[in-house]
Amino acid sequence: MSAPSAPPGPEATPVPPGRGAARWTPVLLVRAAHPRQALLTTAGMAAAAAVSGRPPREVCLVAVTVLAGQSLLGWDNDLVDARTDAADGRTTKPLVASPRHRGTLSFALACATLLVIPLALSSGIDAGLAYLLSLAVGMLGNRVLRGGRWSWLSWALAFALYPAYLSYGGWGGAADGRPPTIAMTVAAALLGIGVHVLTSLPGLVDDNRAGRHHLPLRMALRVGAPRLLVLSGLYGAVMIGAILVVGSTVGLSR
């Protein structure tokens, strides 16, 4: 569900696979995980857990679980896009620069899947299922929705499940929380749409060339990419503010 990065300019000369630190397997795995988005999402969820009153050990559990899940989504995204990225010559993409690491990335994805399931369920069955469902929605979006006018839907649904993961969660598989408030669920879903637009901006040119017609591209064609960057940034700030207001008034849980 992560947005592809824009390719380098025509003057860029790709480094041959296998040379330099950038081709080391650990570095490639980190790059393919879309680390900026993964770390920001992890920090946001951990902060939300802390603000909601969860003890430090539960905040740490949330952080580790979300980081594993976001890495999984990043790796899945790069594997799904590998052929398209290669055809477009996106040499900044790890699997284009080092296609021989495709098997390594697939193995890492399998390991992350086996890891994130018990991590998620450690917060409770309901909480764990909510987070695992958000990952399933994200992976479905990587394959089905991302190129069309409904591209925003998987982001909205995935983010809408985050409050449920936090609200139902606790410590241990027997944790039994409460359902999230409708206001917090809606606010999180709207934030997800804004994140979708922001993360799609760097790859708009390539997506247009590839024939994709997702929401951010449609918006950029109407208002221009620079203006869309400003508008989506303002929208994201407003939605974060709305989440803070909802959290301090209505609350996270019913």
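One rule links them: number in our numbering = place in the sequence shown (from 1) + 543. Every residue gets a Cβ at the ideal spot worked out from N, C-alpha and C, and that includes glycine.
- Task: Could you pull out every residue in the same chain whose Cβ sits closer than 6 Å to the Cβ of Ser694, ignoring the five residues on either side in sequence?
- Result: The sequence position of residue 694 within the sequence shown is 151, counting from 1. Same-chain partners within the cutoff: Leu688, His757, Leu758.
- Task: Ignore the nearest five residues each way along the sequence and tell me which others in Ala780's own chain have a CB closer than 6 Å to its CB.
- Result: Locating residue 780 in the sequence shown gives position 237, counting from the first residue. Contacts found: none.
- Message: Suppose you measure from the CA of Gly690 to the CA of Arg755; what does that come to, to the nearest Å?
- Response: Within the sequence shown, numbered from 1, the residue matching residue 690 stands at position 147. Within the sequence shown, numbered from 1, the residue matching residue 755 stands at position 212. If I take the Cα positions, the gap works out to 5 Å.
- What are the start and end residues of each continuous alpha helix (DSSP H) run of 4 or more residues lying completely inside the stretch 706-748, in chain order? 725-743
- Determine the direct distance from the alpha carbon of Ala763 to that of Leu675, and round the result to whole angstroms. Stepping through the sequence shown from its first residue, residue 675 is reached at position 132. Stepping through the sequence shown from its first residue, residue 763 is reached at position 220. Distance between the alpha carbons of Leu675 and Ala763 is about 32 Å.
- With 16 other CB atoms within 10 Å as the buried threshold, where does Ser791 fall? Working through the sequence shown from its first residue, we reach residue 791 at position 248. By the 10 Å Cβ count, Ser791 comes out exposed.
- Message: With H, G and I counted as helix, E and B as strand and the rest as coil, what does DSSP make of Ser595?
- Response: Taking the first residue of the sequence shown as 1, we reach residue 595 at position 52. Here Ser595 sits in coil by DSSP.
- Message: On the DSSP letters alone, give me the boundaries of the alpha helix (DSSP H) that Pro642 sits inside.
- Response: Within the sequence shown, numbered from 1, the residue matching residue 642 stands at position 99. Pro642 -> no alpha helix (DSSP H), and no H or E assigned at all.
- Under 8 Å Cβ to Cβ from Arg803, same chain only, skipping five residues before and after it: list those, please. Coverage of the chain is limited to positions 544 through 797, which leaves residue 803 absent and any answer about it impossible.
- Item | Extent of the continuous alpha helix (DSSP H) run through Arg686 | Working through the sequence shown from its first residue, we reach residue 686 at position 143. Taken as a continuous stretch (DSSP letters only), Arg686 belongs to no alpha helix (DSSP H), as it is neither H nor E.
- Residue of Arg752, Ala576, Val623 minimising C-alpha distance to Arg686: In the sequence shown, the residue the question calls residue 686 occupies position 143. Comparing Cα-Cα distances from Arg686 to each of Arg752, Ala576, Val623, the minimum goes to Val623.
- Message: Between the alpha carbons of Arg797 and Val573, how many angstroms are there, rounded?
- Response: Translated into positions along the sequence shown, residue 797 becomes position 254. Translated into positions along the sequence shown, residue 573 becomes position 30. When rounded, the distance between both Cα atoms is 38 Å.
- Item | Inter-residue spacing [alpha-carbon to alpha-carbon] between Ala699 and Trp567 | If you number the sequence shown from 1, residue 699 lands on position 156. If you number the sequence shown from 1, residue 567 lands on position 24. The straight-line gap from Cα to Cα measures roughly 35 Å.
- Taking Ala629 as part of the alpha helix (DSSP H), name the residues at either end of that continuous run. Here residue 629 corresponds to residue number 86 of the sequence shown, with the count starting at 1. 625-630 is the extent of the alpha helix (DSSP H) around Ala629.
- Determine the DSSP secondary structure at Ser796, reduced to helix, strand or coil. Translated into the one-based positions of the sequence shown, residue 796 becomes position 253. Strand, per DSSP.
- Task: Using a threshold of 7 Å, state whether the C-beta atoms of Ala611 and Val659 are closer than that.
- Result: Along the sequence shown, one-based indexing puts residue 611 at 68. Along the sequence shown, one-based indexing puts residue 659 at 116. In contact: Ala611 and Val659 (Cβ atoms closer than 7 Å).
- DSSP three-state call for Ala576: helix, strand or coil? Within the sequence shown, the letter at position 33 stands for residue 576. Three-state DSSP puts Ala576 in coil, outside helix and strand.
- Would you mind reading off the limits of the alpha helix (DSSP H) that contains Arg761? Taking the first residue of the sequence shown as 1, we reach residue 761 at position 218. Where Arg761 is concerned, the enclosing alpha helix (DSSP H) stretches over 758-766.
- Query: According to the neighbour-count rule (16 or more other Cβ atoms, all chains shown, within 10 Å of its Cβ), is Ala703 buried or exposed?
  - Reply: As a working mapping, residue 703 is identified with position 160 in the sequence shown. Ala703 comes out buried.
- With DSSP collapsed to three states, give me the class of Ser775. By 1-based counting over the sequence shown, the position of residue 775 is 232. Note: Ser775 maps to helix in three-state DSSP.
- Query: Would a C-beta distance cut-off of 7 Å place Ser592 and Val605 closer than the cut-off?
  - Reply: Along the sequence shown, one-based indexing puts residue 592 at 49. Along the sequence shown, one-based indexing puts residue 605 at 62. Note that residue 592 corresponds to Ala in the displayed sequence, not to Ser. Cβ atoms of Ala592 and Val605: closer than 7 Å.
- Message: To the nearest angstrom, how far is the alpha carbon of Leu571 from that of Gln613?
- Response: Counting from one through the sequence shown, the residue named residue 571 turns up at place 28. Counting from one through the sequence shown, the residue named residue 613 turns up at place 70. Going by the C-alpha atoms only, they are around 16 Å apart.
- Query: Which of helix, strand or coil does DSSP assign to Thr556?
  - Reply: As a working mapping, residue 556 is identified with position 13 in the sequence shown. Summary for Thr556: the model assigns pLDDT 38, below 50, so the residue's position carries little reliability; its value from the coordinates is reported in the next sentence. DSSP places Thr556 in coil when its eight states are reduced to three.
- Message: Since Tyr711 and Ser677 should fall inside the 8 Å C-beta cutoff, what is the C-beta to C-beta distance between them, to a whole number of angstroms?
- Response: As a position in the sequence shown, residue 711 is number 168, starting the count at 1. As a position in the sequence shown, residue 677 is number 134, starting the count at 1. Not a contact, Cβ separation roughly 13 Å.
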